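**Student:** Numbering (this note's numbering), first residue to last: 11 to 299. All C-beta atoms, glycine included, are put in the ideal place defined by N, C-alpha and C. Here the structure is a predicted model, which is why all the values come from computation and not from measurement. Quick one: this structure, given as structure tokens, is what I'll be asking you about.
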Ligand code: SF4
Ligand code: MG
């Protein structure tokens, strides 16, 4: 185990006091320390949003991508250096709205990435508009009569798309979240960690108390088997009255994307001698000239 203080940056978070992002930041540092990682082992890739400032507040490699584009940047980084532990971290708007198409396709590819979605059911940074996960009827500045659209269910969507690790955490329970993040980082393949993250400034409905009264730990249930797809599908649909947190579905052993790319079998791309790509380019040139 390393020391979580290794991951503390000099930057002070500008989040509102009591924002759920504080719990996620602390849990992530604790999880990296628990996995005995050092800052140089880790790359955090974020998008745009309150929580997407996370790479500034963590002492590790970091990349702040365009809105909704953290997933393709992280996939590229994974192909360039598959020795890195890569964590994509951004909000529900960024991950499921603007980046919704990438969400579906990264699942199909199954690269070894951990995808943490800070799900506060609202667009926090831009002052509280309803987001893809806001419940139908949610009242905001842009939906004064209540959101007309149905909310998406990221857990069911990930399962239906074929994800090999689907989980949910709660920012108000950092101890449980730390354990969950460690499992997600250890998983070989794409791992979704949807985190219920109260936005104390704009979302006055889905508060800490609202979540506390509903969440239950699926891991505590004796006999729950996350490899049972049908059982997991039943839990994936639970919302409103009872909300499961923990590993809802896990399939082990499916090859990752990078394991199936022939060029990566000789080791991480950045370690390979530059002659290889040069030879390859020359042979392509010869084919067309
Ligand atoms: Fe957190 Fe909401 Fe404040 Fe953004 S606006 S920092 S999500 S509490
Ligand atoms: Mg949000």
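At what residue ranges does the segment 202 to 243 contain a whole run of the beta strand (DSSP E), taking only runs of 3 or more?
**Tutor:** As far as the segment 202 to 243 is concerned, its whole beta strand (DSSP E) runs of at least 3 residues are 225 to 227.
**Student:** Hey, out of 189, 255, 110, whose CA is closest to residue 180's CA?
**Tutor:** Here residue 180 corresponds to residue number 170 of the chain shown, with the count starting at 1. Out of 189, 255, 110, 255 has the C-alpha closest to the C-alpha of residue 180.
**Student:** Please confirm whether residue 128 and residue 207 have their CB atoms less than 8 Å apart.
**Tutor:** Position 118 of the chain shown, counting from 1, holds the residue named residue 128. Position 197 of the chain shown, counting from 1, holds the residue named residue 207. Cβ atoms of residue 128 and residue 207: closer than 8 Å.
**Student:** Could you tell me whether any non-hydrogen atom of the ligand MG is closer than 7 Å to the CB of residue 141?
**Tutor:** Taking the first residue of the chain shown as 1, we reach residue 141 at position 131. Yes; taking the cut-off as 7 Å, the Cβ of residue 141 has a heavy atom of the ligand MG nearer than that.
**Student:** With 16 as the cutoff for other CB atoms within 10 Å, does residue 131 come out buried or exposed?
**Tutor:** One-based indexing of the chain shown puts residue 131 at position 121. It counts as buried.
**Student:** Any chance the segment 203 to 222 sits against the segment 275 to 282, with 3 or more Cβ pairs inside 8 Å?
**Tutor:** With a cut-off of 8 Å, the segment 275 to 282 and the segment 203 to 222 do not count as touching, because too few Cβ pairs lie within range.
**Student:** Any chance you could list the residues with Cβ under 5 Å from a heavy atom of the ligand SF4, keeping chain order?
**Tutor:** Output, sorted by chain position: 25, 26, 29, 60, 134, 209, 210, 211.
**Student:** Taking 7 Å as the line, does the beta carbon of residue 101 fall inside it for any heavy atom of the ligand MG?
**Tutor:** Taking the first residue of the chain shown as 1, we reach residue 101 at position 91. Yes, Cβ of residue 101 sits closer than 7 Å to a heavy atom of the ligand MG.
**Student:** Report buried or exposed for residue 158, applying the criterion of at least 16 other Cβ atoms within 10 angstroms of its Cβ.
**Tutor:** Position 148 of the chain shown, counted from the start, is the residue given in the question as residue 158. Counting Cβ neighbours within 10 Å, residue 158 comes out exposed, since fewer than 16 surround it.
**Student:** Three-state secondary structure (DSSP) at residue 131?
**Tutor:** Start at 1 with the first residue of the chain shown, and residue 131 comes out as number 121. Coil.
**Student:** Let me check you understand the geometry: is the CB of residue 81 closer than 7 Å to at least one non-hydrogen atom of the ligand MG?
**Tutor:** As a working mapping, residue 81 is identified with position 71 in the chain shown. Not so, every heavy atom of the ligand MG lies at least 7 Å from the Cβ.
**Student:** Round the Cβ separation of residue 106 and residue 162 to the nearest angstrom and send it over; I've been treating them as touching at under 8 Å.
**Tutor:** Along the chain shown, one-based indexing puts residue 106 at 96. Along the chain shown, one-based indexing puts residue 162 at 152. Indeed they touch by this definition, with Cβ atoms about 6 Å apart.
**Student:** Is residue 132 near the ligand MG, with its Cβ less than 7 Å from a heavy atom?
**Tutor:** To locate residue 132, count along the chain shown from 1; it is residue 122. Flag set: Cβ of residue 132 near the ligand MG.
**Student:** Taking the beta strand (DSSP E) that residue 33 belongs to, which residues open and close that run?
**Tutor:** Here the question's residue 33 lines up with position 23 in the chain shown. No beta strand (DSSP E) holds residue 33; the alpha helix (DSSP H) holding it covers 31 to 44.
**Student:** Between the Cα of residue 213 and the Cα atoms of 30, 270, 192, 229, which residue gives the shortest distance?
**Tutor:** Mapped onto the chain shown, residue 213 falls at position 203. Comparing Cα-Cα distances from residue 213 to each of 30, 270, 192, 229, the minimum goes to 30.
**Student:** What's the gap between the Cα of residue 39 and the Cα of residue 74?
**Tutor:** Working through the chain shown from its first residue, we reach residue 39 at position 29. Working through the chain shown from its first residue, we reach residue 74 at position 64. Those two C-alpha atoms are separated by around 18 Å.
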